[in-house]
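Participant:
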Amino acid sequence: MNALRRFFSLFNILALILLAAAAYALQVVQRPQATPQMPKLEMAELHPVKLTVYYSDSQVQNMKPVVRTVQVTEESAGVLAQAAADAWAAGTGSKDSDVLPVVPKNTPAPRIYVRGLHYYADLPAAYTKLNYGSSGERMLLCTLTRTLLDKRDGDVTFLVNGQSTDTLGHLDLQGAYTRQDCQN
Amino acid sequence: MRPQVTQAAFARWPQLALLSVALVGIGLAGAQIAGTQVSGAQVPGAQITFGKLNLAGKQVQSINLYGAEYASETTLGDLLTIKRQGAIVRVEGLGHVLLLPIDEDQVRSTTDFNTVQLDAQRLKARTATLVNGNLYLPLDTLARGLGASYQTGQFTLATRTLQTVSSRTGKDSDRLVLDLNREVTVKDELRGTVLRVILKGTLAKPQRYTTRAAFIPYAEVTQEGSDAIVSFTLPQNSGYRVYPVVRAGGTRIVVDVGPGIPSDIPALMERLAKPLIVLDPFKVQGTGRDVTLEVARQAAELLTKAGWQVKLTREQSGELSISDRLSLARQSDVYLALDIGRFPGTTRGGVTVYENTGSSPSLLVNTVRNGKVLPYGSLVVGDVGGTRRLSELLRGELKGSVTTGQDSIAKMLTLSETAQAALLLELGWAGNAQDRANLAMQGRVQAFSVAVARSIATYLTARANNSSQVASTVITGAKP
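Residue numbers (this note's numbering), protein chains in the order written: chain A, 1 to 184; chain B, 185 to 664.
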C-alpha cells in the first residue's frame with residue numbers, strides 16, 4: 001500500500017501527464033498535411049467589346065483605323081490593351097484592299113503591361129528580324145502606339161524580349177511614344 | 185560876303201535835311217523790295233535773307249548774312265554732330281573735326297577776322313554766329329573743312345572713293361591700309377576663310393593687289409552694287425582687326441592680320457569653313473545590289489573632290505557601331521540617311537525625302553529650336569528651316585531624273601540626334617518592281633549621287649555666306 005502510494009506520487013502523475021502530452025504532440029506534428037481541395041472552377045463570362053485598331057494604308061503613309069470587336073472577360077485597361085494588341089498582330093480583319101496588316105501572318109503579339117497611364121509593349125524577338133525600312137518601322141511602332149492610346153492619353157514604351165533597347169533598326173526606342181509622335 | 189553865304193546856307197538847311205532823309209528812305213525801300221524779290225522773306229533789323237540750300241541732296245533752308253551763306257545748327261544736325269562748348273562750336277562728321285569760335289558780331293563773323301581750326305589746320309575764315317539766339321554756321325568754311333564742294337545754294341559731298349590700297353609687312357602681322365577720300369561705314373565678314381572688308385557706299389576700281397606680305401599675299405578689290413569689297417584669305421591661326429584712322433582730307437581704314445593679332449573669331453565660325461557631312465547608307469538585306477552604299481560612296485567622292493569633309497557610317501568592309509553613328513550625327517552639319525522602303529504587302533514606289541521633325545534628346549537643341557536666342561546659337565543648332573532648305577535643294581536636283589515625294593519623320597534614332605540639317609532619302613521601294621529595275625541601273629545611281637552632292641554643297645555654301653552676318657561693323661565719322 002505504501003509502495004503504491006509512492007508510485008502514484010504527485011510528481012509521477014504530473015510527469016505521466018506531460019509524457020502523454022508530448023506523445024500526442026509528436027503524433028500531431030508527424031501527421032501528413034491535408035491535401036488542398038481544388039478551388040471550384042468559375043468560368044469568367046466573355047463579352048464583346050469594340051476597339052479601334054490601327055493598321056497601315058497600302059502606301060505605308062497613313063494609319064487606317066479599323067473598328068474590331070474583341071471578346072474580353074473584363075474591361076480593365078490591361079485586358080483591353082492586350083486584346084487590342086492581339087487584334088493588331090492578328091491582321092486587319094477587313095476586306096478593304098487599302099488596309100495592310102503591319103506584321104506578317106503568325107507573328108506573335110506583343111505583351112502589354114499597364115502602369116497608370118504608361119503602357120509597356122514587350123515585342124517578341126521576331127520583331128527584330130522584320131527588316132522593315134525606316135518608314136515601315138515607323139508605321140509598325142506608330143500603329144501600335146495609336147491603338148493602345150486610342151481611348152486614353154499616355155505613352156507607350158517599347159521593350160524587346162523583356163529588355164530595354166535602343167532601336168529595332170531605325171527608330172528610337174529609348175524614349176516613350178505619344179500620340180503626338182505618331183500623327184498621320 | 186562870308187556871313188551872307190553862311191546865312192543863305194543856314195536858310196536852305198531844312199530843305200537839304202529833308203532831301204537827305206527822303207533819299208535814305210528811298211534807298212531803304214529799294215533794298216526792301218530787292219530783298220523781297222530775291223528771297224521772299226527778310227529778317228527785320230539785319231542784312232539777312234532766307235534762301236534755299238541743297239545740302240547733300242536734301243532741300244533745306246539757309247540764310248544769307250552780309251553776303252555769306254549760313255545754315256542753322258538744326259539744319260546741319262542731320263549730317264554733322266554739332267556741339268557748343270562755351271564760345272567754341274565743335275563740328276564732327278565725315279571723318280573731320282572742326283572748331284569754330286562763335287562770334288556774336290554777325291558782320292565780323294562773315295569776314296576772315298576769326299581763326300578757325302579745321303582738323304589740325306588753323307586759318308582765318310568765316311565763323312559761326314548767333315542769329316536771334318540760334319547758332320548758324322558758314323557753309324563755305326564747313327565745305328573747306330569737310331572736303332565737300334560748295335557754291336551758293338549747293339553743298340555737295342564728294343563721292344566716297346577708295347583711293348589707294350597699300351600694305352606693310354611686319355614680323356608677326358601684316359597691315360593693309362585703305363585710303364578713302366571721306367568717312368565710311370565699314371563691315372567685316374568672315375566667309376569661310378575669306379575675310380571681306382565691306383566699304384559701304386564706296387566706289388572702287390576692281391583690281392587685284394599683290395603684296396610682299398607673308399600673311400596677306402594679295403587682296404582683291406571688287407565692286408558689289410554701291411559697296412566696295414576688299415577681300416583676302418585669312419591665314420590659319422591668325423586673328424585680325426579692322427579700325428579707322430581719321431586724318432586730314434580723308435579716312436584711312438587699317439586692317440591688321442597675322443598670328444600676332446589675338447584671334448577673337450569664335451571657334452564655331454571655323455565650323456562654317458569646314459563643315460562635316462555625314463552620309464549614312466542603311467544596310468538593306470535581301471535586295472541584291474547595295475544601292476544605298478553605292479549612292480553614298482559616289483556622292484562622298486564628288487564632295488571630297490570639291491574639298492568638303494565627308495564621313496560614311498558604313499563601308500563594304502564593315503559599319504560603325506550605333507554609338508559611333510550617333511556621335512557622328514551629333515557632330516554633323518549635314519546628315520543624310522539613305523534607305524530603301526520595305527513593308528510587307530505594299531505596292532508603294534518612288535523616291536521620298538523625309539525631313540527630320542520632332543523633339544531631340546538634347547536639351548540644348550530643343551531649347552534653341554523652341555526660340556531661345558543664344559549668341560552664335562544658329563551655328564550650334566540649326567533651325568528646321570535648314571533641313572527644309574536642304575530638302576528643297578535635294579528635291580530640286582532630283583527633279584530632272586525622278587519624281588520625288590516629300591514627308592517628315594520623327595523619332596529616327598540617328599536623325600533626331602542631329603543639331604543641324606538632317607534628311608532621310610528613300611531611294612525607292614524593295615517591293616515595287618519598277619523601283620527595283622530603276623535602282624539596278626547605273627545611271628539612276630549616278631543621278632542620285634550627283635543630286636546628293638550638289639544639293640549639300642549648295643546648302644553649305646549658302647549657309648557659310650549667310651552666317652557671316654554675325655561679323656562686326658565699324659562706322660567712321662558719319663552720323664548713324
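C-beta: ideal position from N, C-alpha, C; glycine also.
Who are the near neighbours of B:D324 in its chain, counting only those whose CB is closer than 8 Å to its CB and skipping five residues on each side?
Facilitator: A252, E253, A309, R310, Y334.
Participant: Is A:R138 close to chain B, meaning its C-beta is less than 8 Å from at least one C-beta of that chain?
Facilitator: Cβ-Cβ to chain B under 8 Å: yes for A:R138.
Participant: Using DSSP bridges, identify the partner residues of B:Y560.
Facilitator: B:Y560 pairs with nothing; no bridge assigned.
Participant: Could you tell me which of A:A121, A:N161, A:K151, A:R115 sits nearest to A:V53, measuring between CA atoms?
Facilitator: The shortest Cα separation from A:V53 among A:A121, A:N161, A:K151, A:R115 belongs to A:K151.
Participant: Which complete beta strand (DSSP E) runs does the segment 433 to 509 of chain B hold, if anything under 3 residues is left out?
Facilitator: With a minimum length of 3 residues, the continuous beta strand (DSSP E) runs that stay inside the segment 433 to 509 of chain B are 434 to 442, 460 to 465, 493 to 496.
Participant: A:V99: buried (16+ other C-beta within 10 angstroms of its C-beta) or exposed?
Facilitator: So A:V99 ends up on the buried side.
Participant: So what does B:P428 bridge to, in DSSP terms?
Facilitator: Its beta-bridge partners are B:I437.
Participant: Return the chain-ordered list of same chain residues with a C-beta closer than 7 Å to the C-beta of B:S592, the five sequence neighbours on each side being excluded.
Facilitator: Hits under 7 Å: Y538, E539, T541.
Participant: Within 10 angstroms of the Cβ of B:T531, are there 16 or more other Cβ atoms? Answer buried if so, exposed if not.
Facilitator: With fewer than 16 Cβ atoms within 10 Å of its Cβ, B:T531 is classed as exposed.
Participant: Strictly under 8 Å for the Cβ-Cβ distance: is A:L100 near chain B by that measure?
Facilitator: So yes, A:L100 belongs to the interface.
Participant: In its own chain, which residues sit with a C-beta less than 6 Å from the C-beta of B:Q482, not counting the 5 before and 5 after it?
Facilitator: S633, listed in sequence order.
Participant: 8 Å is my cut-off, CB to CB: does B:D523 come that close to chain A?
Facilitator: Yes - at least one Cβ of chain A is within 8 Å of the one on B:D523.
Participant: Tell me which residues share the same chain as B:Y402 and place their Cβ nearer than 7 Å to its Cβ, disregarding the 5 neighbours each side in the sequence.
Facilitator: Excluding positions up to five away in sequence, the list reads R392, Y393, T394, T395, F416.
Participant: Please report the residue range of the alpha helix (DSSP H) in which A:A176 lies.
Facilitator: Segment: none, A:A176 is in no alpha helix (DSSP H) and carries neither H nor E.
Participant: Taking a contact to mean a Cβ-Cβ separation below 8 Å, would you say A:P114 touches A:G91 in this structure?
Facilitator: What sits at residue 114 of chain A in the sequence shown is Val, not Pro. No.
Participant: Residues bridged to B:V324 by DSSP?
Facilitator: The sequence as given places Asp at residue 324 of chain B; Val does not occur at that position. The partner list for B:D324 (beta bridge, DSSP) is empty, contrary to what the question assumes.
Participant: Let me make sure I understand the geometry here. Which of B:M453, B:V281, B:G612 has the alpha-carbon closest to that of B:V468?
Facilitator: The option with the nearest alpha carbon to B:V468 is B:G612.
Participant: Excluding sequence positions up to five away, which residues of its chain have a Cβ less than 6 Å from the Cβ of A:T167?
Facilitator: Once the five neighbours on either side are set aside, the close Cβ partners of A:T167 are L173.
Participant: Can you give me the start and stop residues for the alpha helix (DSSP H) that A:I17 sits inside?
Facilitator: Start and end: 10 to 29.
Participant: Applying a beta-carbon distance threshold of less than 7 Å, which residues of chain A neighbour B:T530?
Facilitator: Correct list: S58, Q59, V60, L100.
Participant: Residues of the segment 450 to 483 of chain B with a CB closer than 8 Å to any CB of chain A: list them in chain order, please.
Facilitator: Listed in sequence order: F466, V468, Q469, G470.
Participant: Three or more beta-carbon pairs under 8 Å between the segment 516 to 524 of chain B and the segment 455 to 473 of chain B, yes or no?
Facilitator: Contact between the segment 516 to 524 of chain B and the segment 455 to 473 of chain B is present, because at least three Cβ pairs lie under 8 Å.
Participant: Under 7 Å Cβ to Cβ from B:K595, same chain only, skipping five residues before and after it: list those, please.
Facilitator: G542, listed in sequence order.
Participant: Report the option in B:R436, B:T233, B:V414, B:M453 whose CA atom is closest to the CA atom of B:G423.
Facilitator: Cα-wise, what sits closest to B:G423 is B:M453.
Participant: Do B:L456 and B:A637 have their C-beta atoms closer together than 8 Å?
Facilitator: No, Cβ-Cβ distance for B:L456 and B:A637 is not below 8 Å.
Participant: Distance check for B:V552 and B:E408, CA to CA, integer angstroms please.
Facilitator: Looking at the two C-alpha atoms, the distance is approximately 34 Å.
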